[in-house]
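Visitor: Can you keep this structure in mind? I'll have questions shortly.
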Amino acid sequence: SAVISQKPSRDICQRGTSLTIQCQVDSQVTMMFWYRQQPGQSLTLIATANQGSEATYESGFVIDKFPISRPNLTFSTLTVSNMSPEDSSIYLCSVGPFRAGAQYFGPGTRLLVL
Amino acid sequence: DAKTTQPPSMDCAEGRAANLPCNHSTISGNEYVYWYRQIHSQGPQYIIHGLKNNETNEMASLIITEDRKSSTLILPHATLRDTAVYYCIVRALNSGNTPLVFGKGTRLSVIA
Numbered sequence: 024s025a026v027i028s029q030k031p032s033r034d035i036c037q038r039g040t041s042l043t044i045q046c047q048v049d050s051q052v053t054m055m056f057w058y059r060q061q062p063g064q065s066l067t068l069i070a071t072a073n074q075g076s077e078a079t080y081e082s083g084f085v086i087d088k089f090p091i092s093r094p095n096l097t098f099s100t101l102t103v104s105n106m107s108p109e110d111s112s113i114y115l116c117s118v119g120p121f122r123a124g125a126q127y128f129g130p131g132t133r134l135l136v137l
Numbered sequence: 237d238a239k240t241t242q243p244p245s246m247d248c249a250e251g252r253a254a255n256l257p258c259n260h261s262t263i264s265g266n267e268y269v270y271w272y273r274q275i276h277s278q279g280p281q282y283i284i285h286g287l288k289n290n291e292t293n294e295m296a297s298l299i300i301t302e303d304r305k306s307s308t309l310i311l312p313h314a315t316l317r318d319t320a321v322y323y324c325i326v327r328a329l330n331s332g333n334t335p336l337v338f339g340k341g342t343r344l345s346v347i348a
């Protein structure tokens with residue numbers, strides 16, 4: 024398994040601003056994934072981040088809105104740009120694969136945009 | 237990855253076994269069944285996975301039918317701390333570099 028931390032754990036932001044979320048893993052991992060969980064909803068994948076290459080975004084998510092960095096095998100950042108209230112969500116970092124393809128998740132970052 | 241169907245919610249009395257069903261009738265031969273849970277305000281937590289044999293670990297047991305079209309996650313002695321949304325996910329073992337896709341899951345409420 025892996026121990027994953029995220030910073031900040033929560034934030035309240037004004038519309039039009041940007042927030043960068045950090046994800047740190049205690050071991051080297053091949054793949055890092057970023058998910059969004061809107062209030063009362065399930066998890067939705069934003070993008071996949073592989074070290075040394077551009078992130079791959081899912082339909083409905085674009086790099087200009089959610090730029091991602093993956094400078095090494097233990098760290099990644101997700102920026103939520105030009106925020107609006109609709110961006111209020113929990114943002115989760117996930118890593119894998121581990122034994123038999125399991126994925127592990129960070130504690131999440133709770134974002135409220137006013 | 238095959239699609240799964242779970243009941244939206246279930247209740248269970250504290251101390252009793254919680255049996256959470258999952259249908260995955262289109263599962264392929266190389267696809268595993270994974271279970272995760274998400275306790276309120278936390279990230280999803282891996283519970284268990286299996287291919288065709290029943291599996292047990294310190295958290296739960298996984299019973300997979302012989303035709304592999306359905307499975308049941310069993311929490312043998314549910315506690316209030318087991319209240320969470322439980323997700324059943326089916327995917328191929330060699331898709332480890334692709335992310336998990338979450339459905340709506342089952343919201344389990346453990347009642348004192």
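Top to bottom, those sequences are chains A and B.
Numbers given in the numbering used here equal positions in the first sequence, counted from 1, plus 23.
Numbers given in the numbering used here equal positions in the second sequence, counted from 1, plus 236.
The beta-carbon is built from N, C-alpha and C at its ideal position, and this holds for glycine as well.
None of these values were measured; they are calculated from a predicted model.
1. Going by the CB atoms, is the gap between residue 58/A and residue 117/A shorter than 8 angstroms?
2. Taking Cβ-Cβ distances below 9 angstroms as the criterion, which residues of the segment 317-345 of chain B are in contact with chain A?
3. Tell me, to the nearest whole angstrom, how far the beta carbon of residue 348/B is from that of residue 316/B; I am working on the premise that it is less than 8 angstroms.
4. Around the C-beta of residue 265/B, are 16 or more other C-beta atoms found within 10 angstroms, so that it is buried, or is it exposed?
5. Starting from the Cα of residue 30/A, find the closest Cα among 119/A, 114/A, 125/A and 120/A and give me that residue.
6. Exposed or buried, residue 101/A, counting other C-beta atoms within 10 Å across all chains shown (16 or more means buried)?
7. Against chain A, which members of the segment 249-282 of chain B pass a CB distance test of less than 9 angstroms?
8. Suppose contacts are defined by Cβ-Cβ distances below 8 angstroms. Is residue 320/B in contact with residue 248/B by that definition?
9. Could you please give me the residues that DSSP links to residue 310/B through a beta bridge?
10. According to the neighbour-count rule (16 or more other Cβ atoms, all chains shown, within 10 Å of its Cβ), is residue 275/B buried or exposed?
11. I want to know whether the segment 79-88 of chain A touches the segment 283-291 of chain B - three or more CB-CB distances under 8 angstroms.
12. Pull up the CB-CB distance for residue 136/A and residue 104/A, whole angstroms please, since I reckon it's below 8 angstroms.
13. What in chain A is Cβ-close to residue 285/B, meaning under 8 angstroms?
14. So the candidates are 277/B, 279/B, 294/B and 278/B; which of them puts its Cα closest to the Cα of residue 285/B?
15. Given a cut-off of 8 angstroms on the beta-carbon distance, is the pair residue 311/B and residue 253/B in contact?
Guide: The answer reads as follows:
1. yes
2. 321, 323, 327, 328, 329, 330, 331, 332, 333, 334, 335, 336, 337, 338, 339, 340 and 341
3. 6 angstroms
4. exposed
5. 114/A
6. buried
7. 268, 270, 272, 274, 277, 278, 279, 280, 281 and 282
8. no
9. 255/B and 297/B
10. exposed
11. no
12. Rounded, the Cβ-Cβ distance is 12 angstroms, inconsistent with contact.
13. 123, 124 and 125
14. 294/B
15. yes
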